[in-house]
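Chains as they are written, first to last, in the working numbering: chain A, 1 to 274; chain B, 275 to 518.
Written as structure tokens, this is what we have:
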């Protein structure tokens with residue numbers, strides 16, 4: 001939504017993911033509230049407010065380039081990770097352990113399948129919402145801002161409002177993801193709001209295909225499946241292989257893995273015509 | 275009341291004075307040409323009018339309201355539309371989507387999320403595409419259009435929102451003679467709905483088209499008059515025509 005559809009090259013998604021996780025971690029360990037619906041709503045609201053503040057800081061006023069946004073959000077991720085590492089309220093380097101299982105209508109969701117189903121439902125809602133937005137008139141507005149934001153302003157678009165709105169939506173999604181992570185894993189740690197995760201999310205977009213909703217999902221699945229297999233066989237080579245995969249994708253498939261079928265069709269057509 | 279009134283507009287970049295106390299006006303349904311040799315300040319003056327840059331001194335009024343320091347978005351909402359020198363259209367989008375991008379710019383986010391005005395805009399899209407000879411390319415990506423058609427598409431996008439003032443920066447650059455003639459017809463038609471300001475190098479093109487022409491030289495407007503007056507003005511001949 002951010003980078004692919006609107007051109008907001010953000011490294012801040014992990015910070016917002018961590019924010020959602022820490023908010024839920026603090027609430028559940030300091031009170032008896034475990035209802036997943038309420039926890040998700042709180043995380044979404046906190047994430048949206050954080051997205052709004054970051055968005056206003058980044059986009060109100062003058063136009064800023066992708067690099068500026070990337071550097072500022074990278075700094076935000078760095079600050080969040082450092083803050084989580086050093087603030088005792090947030091458990092410092094140990095994070096917040098002992099987060100209880102979530103409940104729904106008073107019933108605990110403690111099984112792996114129950115937690116998976118919960119995550120899947122939230123994911124499906126997020127994906128459907130994203131598909132609706134991208135295919136609406138607003139999706140076209142997002143693309144107009146991405147492709148030529150100055151031109152969009154000359155048509156009368158409130159460019160900063162569009163960018164802030166998208167960032168708020170993406171922040172709310174990231175925070176809800178962090179909240180789900182916290183309740184299903186039972187702990188939150190500084191690394192979940194840091195640079196490594198921020199870079200990984202950008203990697204999914206690059207590998208999968210910028211401007212597609214399913215591309216990053218495919219990239220994430222491929223990377224995770226291969227990661228599990230590689231950890232067993234060649235654990236030390238895995239980071240190098242990820243780097244190589246990224247390099248090869250950027251050279252041969254600049255539009256990501258999702259562009260591969262079209263690329264194959266095109267080369268077949270060329271071969272047939274020659 | 276004048277449609278556009280520019281009074282003593284000066285634009286400085288450091289010590290360089292790009293536009294020096296320029297004054298001009300455009301009436302409703304009038305086509306005004308702005309010509310001058312390269313580096314005379316035409317584009318800078320156009321940019322101060324459209325809001326790409328702000329005047330250092332002077333005032334710009336649109337239908338009596340001051341817009342000197344307004345953003346491009348405010349000016350667009352006040353009824354100003356522009357076609358840039360190099361067509362700035364969305365090449366990866368279809369012709370239909372390009373016109374829709376222009377049409378929906380002033381819609382609220384909530385209406386856009388509901389795609390509330392899609393059906394109503396479809397009528398307008400077809401109408402404007404027909405007017406600009408783009409009807410058969412509605413579902414084609416804009417990058418597949420010829421150079422001339424891309425220029426028309428940008429004018430169509432500007433005209434789609436029924437502006438009160440249309441700014442055209444070298445609308446016929448790189449066009450064939452046939453396309454130039456067709457463009458002249460389209461601009462004439464557009465002037466029935468709004469005022470038009472054309473920045474051009476080509477005097478032959480705009481003398482047929484414009485009601486009045488202003489000539490810029492070294493940031494100063496050195497002459498304003500009808501095309502016939504401009505052609506016979508000795509100062510214009512000296513500073514501009516001899517250099518073309």
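Beta carbons are placed, not taken as given, at the ideal position from N, Cα and C, and that holds for glycine.
Beta-carbon spacing of residue i, residue j below 8 Å
i: residue 40(A); j: residue 122(A); result: yes
i: residue 410(B); j: residue 400(B); result: no
i: residue 47(A); j: residue 83(A); result: no
i: residue 497(B); j: residue 489(B); result: yes
i: residue 213(A); j: residue 246(A); result: no
i: residue 480(B); j: residue 307(B); result: yes
i: residue 330(B); j: residue 393(B); result: no
i: residue 412(B); j: residue 473(B); result: no
i: residue 4(A); j: residue 211(A); result: yes
i: residue 303(B); j: residue 422(B); result: no
i: residue 309(B); j: residue 280(B); result: no
C-alpha distance - residue i paired with residue j, whole-angstrom precision
i: residue 161(A); j: residue 151(A); result: 15 Å
i: residue 60(A); j: residue 8(A); result: 14 Å
i: residue 428(B); j: residue 512(B); result: 35 Å
i: residue 268(A); j: residue 301(B); result: 59 Å
i: residue 142(A); j: residue 256(A); result: 20 Å
i: residue 518(B); j: residue 342(B); result: Per-residue confidence for residue 518(B) stands at a pLDDT of 44, beneath the threshold of 50, marking its modelled position as unreliable; the derived number appears in the next sentence. Going from the Cα of residue 518(B) to the Cα of residue 342(B) covers about 32 Å.
i: residue 215(A); j: residue 224(A); result: 14 Å
i: residue 482(B); j: residue 500(B); result: 11 Å
i: residue 45(A); j: residue 425(B); result: 45 Å
i: residue 340(B); j: residue 92(A); result: 56 Å
i: residue 377(B); j: residue 239(A); result: 48 Å
i: residue 186(A); j: residue 85(A); result: 18 Å
i: residue 118(A); j: residue 127(A); result: 14 Å
i: residue 359(B); j: residue 51(A); result: 37 Å
i: residue 294(B); j: residue 325(B); result: 17 Å
i: residue 81(A); j: residue 188(A); result: 12 Å
i: residue 291(B); j: residue 318(B); result: 10 Å
i: residue 13(A); j: residue 159(A); result: 21 Å
i: residue 372(B); j: residue 445(B); result: 18 Å
i: residue 380(B); j: residue 274(A); result: 49 Å
i: residue 395(B); j: residue 487(B); result: 36 Å
i: residue 69(A); j: residue 54(A); result: 10 Å
i: residue 103(A); j: residue 414(B); result: 52 Å
i: residue 327(B); j: residue 176(A); result: 42 Å
Which listed residue (the options) has its alpha carbon closest to that of residue i
i: residue 281(A); options: 5(A), 100(A) and 273(A); result: This structure cannot speak to residue 281(A), because chain A is shown only from 1 to 274.
i: residue 356(B); options: 425(B), 442(B), 450(B) and 456(B); result: 442(B)
i: residue 277(B); options: 354(B), 294(B), 388(B) and 461(B); result: 354(B)
i: residue 94(A); options: 209(A), 4(A) and 25(A); result: 25(A)
i: residue 407(B); options: 431(B), 395(B), 492(B) and 387(B); result: 431(B)
i: residue 146(A); options: 15(A), 23(A) and 66(A); result: 66(A)
i: residue 136(A); options: 420(B), 495(B), 338(B) and 388(B); result: 388(B)
i: residue 418(B); options: 363(B), 316(B), 351(B) and 495(B); result: 363(B)
i: residue 296(B); options: 289(B), 333(B), 305(B) and 485(B); result: 333(B)
i: residue 463(B); options: 350(B), 275(B), 484(B) and 444(B); result: 484(B)
i: residue 476(B); options: 466(B), 492(B) and 454(B); result: 454(B)
Minimum Cβ-Cβ distance from residue i to chain E less than 8 Å
i: residue 411(B); result: Checking the listed chains, one finds no chain E in this structure; the protein chains it contains are A and B.
Checklist entry - Taking one C-beta from the stretch 65-83 of chain A and one from the stretch 191-207 of chain A each time, how about it: are there three or more such pairs within less than 8 Å? => result yes
Next on the checklist: Taking 8 Å as the cut-off, does the stretch 153-160 of chain A touch the stretch 343-350 of chain B (at least 3 CB pairs, one atom from each stretch)?
Outcome noted: yes
Item to check | Complete alpha helix (DSSP H) runs within the stretch 184-259 of chain A (minimum length 4 residues, chain order) | outcome: Listed in chain order, they are 195-208, 214-233 and 238-252.
Next on the checklist: I'd like the ranges of any alpha helix (DSSP H) spanning at least 4 consecutive residues and lying wholly in the stretch 99-128 of chain A.
Outcome noted: none
Item to check | Whole runs of the beta strand (DSSP E) within the stretch 328-366 of chain B, excluding any shorter than 3 residues | outcome: Counting only runs of 3 or more, we get 331-336 and 354-357.
Next on the checklist: Measuring CB atoms only, is the stretch 175-190 of chain A touching the stretch 108-126 of chain A, in the sense that at least three cross pairs come out at less than 8 Å?
Outcome noted: yes
Checklist entry - Which full runs of the alpha helix (DSSP H) of 4+ residues lie inside the stretch 29-64 of chain A, going along the chain? => result 36-59
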